[in-house]
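Chains as they are written, first to last, in my numbering: chain Y, -14 to 188; chain A, -14 to 188; chain L, -14 to 188; chain Z, -14 to 188.
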């Protein structure tokens, strides 16, 4: 991927995910952290289809979700993104995907509190995982339109689970992060592939 | 989507849906409302594959389904489209899709009278829906080759269900409308995605 | 489809089917009837991947499967194709597809002697079918490497079932014909779509 | 496929497999045998996404997995590839794929020691198989991060099963070989298609 700018890389991710059916409609957002002190991020504006993003669909926001550059409405999920960047010092990109297999597992495993995946070689696609003999947990959080409440829940999950790579919001989608856009993409692709395997195994 | 003309947008929708396998053969039709008083619409002519439409595959019809412009036979479904435009003052586009998941649900839920979808964030892709905690009904109507009878049934369904975004004709396909081609497309994509989720959840 | 020559149209069909995963490997053949008296046909040579055909992959054969033009080995299935053309005076093209859903149904319904499909609007994609309230039978024939024996079975099936559009060879694939390449394509696409619907309905 | 160099052909295979979802992340490797005495092979370097390979992603190694040309880290799986080339005198290419159906069967059939496939015409896509009435075994080997131990197991499997075309490493992926890149590709495609058929048949 020879993309230079962060927005180019996010645009490409959106195009690829959309082509796979992983991000229909305007659900979810992509962001890149531009700076930490003070915190500035670049995030998709609300209401944009992810398959056809361009540079006009992004906003530059500060720590209070105030717009520094760009036109549009900050997504409701901006607080979720800020929560991840604050509690994960190495995260620089957050991506999102929405698939049938993931949503089904978020229902099926809701009582367990997390989707648990173990024993697959593909787990090595997650940063820090060097063996198939690893158990990855993807915590499941109940959805809510109250973004403040949802952010608090996300923060607690992040604090209690230092090794996770992603969180699933029930019947919503997968939020995964990484140190680069490429790594965040790999995390999304790895987990969505494993969701499909786990979901079909149980049939 | 930088398409200008309505036929360009319908052509693009057909190409995208066909590529996904959502509209094989000549089933279903796409239309755009050109004017209300008097009513004029532009609709795909009968017998056209939706994946390879061009401007010659469209007819301009009046309120009586008489051809004002174009060559071809008006689709049997013209009356359905006219029914929707008459009873939905804001609708300006009707699209169609045909998938395995949708057809299976139209059988499985036929006795309930509708496919019911609740709790998914993706429901917010439907106009007027602002929370995942929403119950969307897609009424199921028995198919018939008698278009006059079918139109009357469709009209009753539209009158009795002011908030629906689409109707499913059993073992036929999904008819969804919107205020623009883009919105109708989003409705189709949102519902087909949710049909897949609901259908697989029950296995 | 602006293709002129029959081989162009067959090449395009191969490319499309291969892209969908309907014809991996060298299974099956495509043919076009060039003339009836005497009978001449153009058929894919043995051992060719269908996704990357070009004009060198076709042979022109006579009624005895002797090569009139082209280089290569006539496919073992040449006799099947000749049987269809002899017993279906209007057929001018035979196509083939191989999918998981079709193969599963060919096993599941083998004892019934045919895959039976009824009630779907999509059935109107088959020539001569004007209502969803139609029952289409796709006879299932046991596979055999003895092409002479297999041809005789196929001939009996064709004689006993004047209205069928296709035959399924168990755990092999779907053989469908039409008056044009476009019609044969539509028959394949219609039936494969319906196989997927019928197969998933039973889960 | 008009590709000249082996790396071009491997790059193309990676692109095609990735597009189908058969090789997300950096799992698995592709290699081509350049010479036997002394043994030299060209293999994908560790950590490369298979969908976007180019000539810089390959290493030329000798029999001891020492780098003769190229930059990067030899994959952990290099020993597996060397094992296959040593024990299969005609193999010149090894490819890899990772699918949900294959991984599910590698679990489901682990106690049997192999995935067994019989009766499908598509089996004729495997070299040396001339009839659908053939039973193909794909031995399943437990995964291990100890590559030396894993190689020994692979060697025993190859010695005990002279007619196999591929091996499945449980919850990892399919390793298949061929006399050319094209043949290895056909083996992967044939087996993955049949895995899908066998896996869905059992639901």
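The beta carbon of each residue, even a glycine, is placed where N, CA and C say it ideally should be.
What number of angstroms, rounded off, separates the C-alpha of residue 167 of chain L from the C-alpha of residue 32 of chain A?
Between the C-alpha atoms of residue 167 of chain L and residue 32 of chain A there is a straight-line separation of about 13 Å.
Of all the options Y:127, Y:67, Y:42, Y:185, which has the alpha carbon lying nearest to the alpha carbon of residue 11 of chain Y?
Of Y:127, Y:67, Y:42, Y:185, the residue nearest in Cα terms is Y:42.
Do you know whose CA, among A:36, A:37, A:66, lies nearest residue 48 of chain A's CA?
Distance check between residue 48 of chain A and each of A:36, A:37, A:66 places A:66 closest, using alpha-carbon atoms only.
Hey, out of L:169, L:174, L:19, L:181, whose CA is closest to residue 80 of chain L's CA?
Ranking the options by Cα distance to residue 80 of chain L, first place goes to L:169.
My understanding is that residue 28 of chain A touches residue 63 of chain A, with C-beta atoms under 8 Å, so please give their C-beta distance in whole angstroms.
By a beta-carbon distance limit of 8 Å, residue 28 of chain A contacts residue 63 of chain A. Their separation comes to about 6 Å.
Would you tell me roughly how many angstroms separate the C-alpha atoms of residue 57 of chain L and residue 51 of chain L, rounded to the nearest one?
Distance between the alpha carbons of residue 57 of chain L and residue 51 of chain L is about 11 Å.
Own chain, CB closer than 6 Å to residue 61 of chain L, minus 5 neighbours either side, in chain order
So the list reads 132, once near-sequence residues are dropped.
Nearest CA to the CA of residue 144 of chain Z: which residue from Z:114, Z:5, Z:53, Z:72?
Nearest of Z:114, Z:5, Z:53, Z:72 to residue 144 of chain Z, Cα basis: Z:72.
Indicate whether the contact test is met: 3 or more Cβ pairs, each with one atom in the stretch 8 to 25 of chain L and one in the stretch 104 to 120 of chain Z, closer than 8 Å.
Judged by Cβ distances under 8 Å, the stretch 8 to 25 of chain L makes contact with the stretch 104 to 120 of chain Z, as three or more pairs qualify.
Can you list, in chain order, the residues of the stretch 114 to 125 of chain L whose Cβ is nearer than 7 Å to any Cβ on chain A?
The residues in question are 116, 117.
From the DSSP output, in three-state form, read off residue 81 of chain Y for me.
Residue state, collapsed to three classes: strand.
Answer with yes or no whether the minimum CB distance from residue -3 of chain Y to chain Z is below 9 Å.
For residue -3 of chain Y, the answer is no, since every Cβ of chain Z falls outside 9 Å of its Cβ.
Count the other CB atoms, across all protein chains shown, that sit within 10 Å of the CB of residue -14 of chain L; report buried if there are 16 or more and exposed otherwise.
Here the model assigns residue -14 of chain L a pLDDT of 42, short of 50, so the residue's position is not dependable, and the following value carries that caveat. The residue is exposed, with fewer than 16 neighbouring Cβ atoms inside 10 Å.
Whole angstroms are fine: how far does the CA of residue 157 of chain Z sit from the CA of residue 146 of chain Y?
A straight-line Cα-Cα distance of about 26 Å links residue 146 of chain Y and residue 157 of chain Z.
Any beta carbon from chain A within less than 9 Å of residue 51 of chain L's own beta carbon?
Taking Cβ atoms only, chain A never reaches closer than 9 Å to residue 51 of chain L, which makes this a no.
Any beta carbon of chain Z sitting closer than 9 Å to that of residue 6 of chain Y?
No, residue 6 of chain Y lies away from the interface with chain Z (no Cβ there is under 9 Å from its Cβ).
Residue 163 of chain Z - DSSP class collapsed to helix/strand/coil:
Assignment of residue 163 of chain Z by DSSP, reduced to helix, strand and coil, places it in the strand class.
Buried or exposed: which applies to residue 183 of chain L, given that a residue is buried once 16 or more other Cβ atoms fall within 10 Å of its Cβ?
Looking at its Cβ environment, which holds 16 or more other Cβ atoms inside 10 Å, residue 183 of chain L is buried.
Residues bridged to residue 18 of chain A by DSSP?
Looking at the DSSP output, residue 18 of chain A bridges to A:26.
By DSSP's criteria, residue 124 of chain Z is part of a beta bridge. Which residues make up the other side?
DSSP, once it has assigned bridges, lists Z:99 as partnering residue 124 of chain Z.
Expressed to the nearest angstrom, what Euclidean distance is found between the alpha-carbon atoms of residue 36 of chain Y and residue 160 of chain L?
Distance from the CA of residue 36 of chain Y to the CA of residue 160 of chain L, rounded to the nearest whole angstrom, comes to 37 Å.
Check the Cβ-Cβ distances between residue 103 of chain L and every residue of chain Z, and say whether any is below 9 Å.
Closer than 9 Å to the CB of residue 103 of chain L there is not a single CB belonging to chain Z.
Looking at the unbroken beta strand (DSSP E) that takes in residue 2 of chain Y, where does it start and where does it end?
Unbroken run through residue 2 of chain Y is the alpha helix (DSSP H), -9 to 5; no beta strand (DSSP E).
Hey, would you say residue 78 of chain Y sits closer than 9 Å to residue 165 of chain Y, going by beta carbons?
Cβ atoms of residue 78 of chain Y and residue 165 of chain Y: closer than 9 Å.
Assuming residue -8 of chain A and residue 40 of chain A make a contact with CB atoms under 8 Å, what is their CB distance in whole Å?
Your pair residue -8 of chain A and residue 40 of chain A checks out as a contact, with CB atoms roughly 5 Å apart and the cut at 8 Å.
Give the interface partners of residue 130 of chain Y over in chain A, defined as CB-CB distance under 8 Å, in chain order.
Within chain A, the residues near residue 130 of chain Y are 115, 116, 117, 118.
Does residue -14 of chain L come within less than 9 Å of chain A when only Cβ atoms are used?
Residue placement at residue -14 of chain L is poorly supported in this model, since its pLDDT is 42, which falls under 50; the coordinates still yield a value, given next. Output row for residue -14 of chain L: interface = yes.
Unbroken beta strand (DSSP E) run spanning residue 151 of chain Z, endpoints
Run containing residue 151 of chain Z: 151 to 154, per the beta strand (DSSP E) assignment.
Neighbour list for residue 158 of chain Z in chain Y, Cβ cutoff strictly below 8 Å:
What residue 158 of chain Z touches in chain Y: 106.
So which residues of chain A does residue 2 of chain L contact, with C-beta pairs closer than 7 Å?
Neighbourhood of residue 2 of chain L in chain A, by CB distance below 7 Å: empty, with the nearest CB roughly 13 Å away.
Give the residues from the stretch 42 to 66 of chain L that approach chain Z closer than 9 Å (Cβ to any Cβ), ordered along the chain.
Against chain Z - using a Cβ distance shorter than 9 Å - the stretch 42 to 66 of chain L contributes no residues.
Taking the alpha-carbon of residue 82 of chain A as reference, which of A:154, A:186, A:141, A:187 has the nearest alpha-carbon?
Closest option to residue 82 of chain A, Cα to Cα, is A:154.
Where the stretch 68 to 89 of chain A meets chain L: residues whose CB sits under 7 Å from a CB there:
Of all residues in the stretch 68 to 89 of chain A, only 83, 85, 88, 89 place a beta-carbon less than 7 Å from a beta-carbon of chain L.
Using C-beta distances below 7 Å, list every residue in its chain close to residue 142 of chain Y, excluding the 5 sequence neighbours before and after it, in chain order.
So the list reads 124, 126, 152, once near-sequence residues are dropped.
Alpha-carbon to alpha-carbon, residue 176 of chain L and residue 92 of chain A
Computed Cα separation, rounded: 19 Å.
At which residues does the alpha helix (DSSP H) containing residue 145 of chain A begin and terminate?
132 to 145 is the extent of the alpha helix (DSSP H) around residue 145 of chain A.
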